[in-house]
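In the working numbering, the protein residues as written are 18 to 91. Backbone N, C-alpha and C define an ideal beta-carbon position, used for all residues, glycine too. Read through the structure below, which is laid out as structure tokens, and then see the notes.
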């Protein structure tokens, strides 16, 4: 079963380095309390590690993600 990461921005990147702000943006996060689903791979985990003080991370099953998206669009 493939795993994915649900990443939620819980603190503002204002006042942090430009590099950290770009990492937040590269993950697809724009607003506080916004969540995105990203594949669980070393590149994404490295990005999350760099901004771990700004985000919370949950592991979710990839098939649960597609089921949740189907329920939202229906």
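A Cβ-Cβ distance of about 7 Å is found for the pair residue 76 and residue 57, placing them in contact under the 8 Å criterion. Straight-line spacing of the CA atoms in residue 19 and residue 30 works out to 30 Å.
Shown here for residue 44: same chain residues with a beta carbon closer than 7 Å to its own, the five before and five after excluded, namely 24, 53, 55 and 64 in chain order. In the three-state reduction of the DSSP assignment, residue 74 falls in the strand class.
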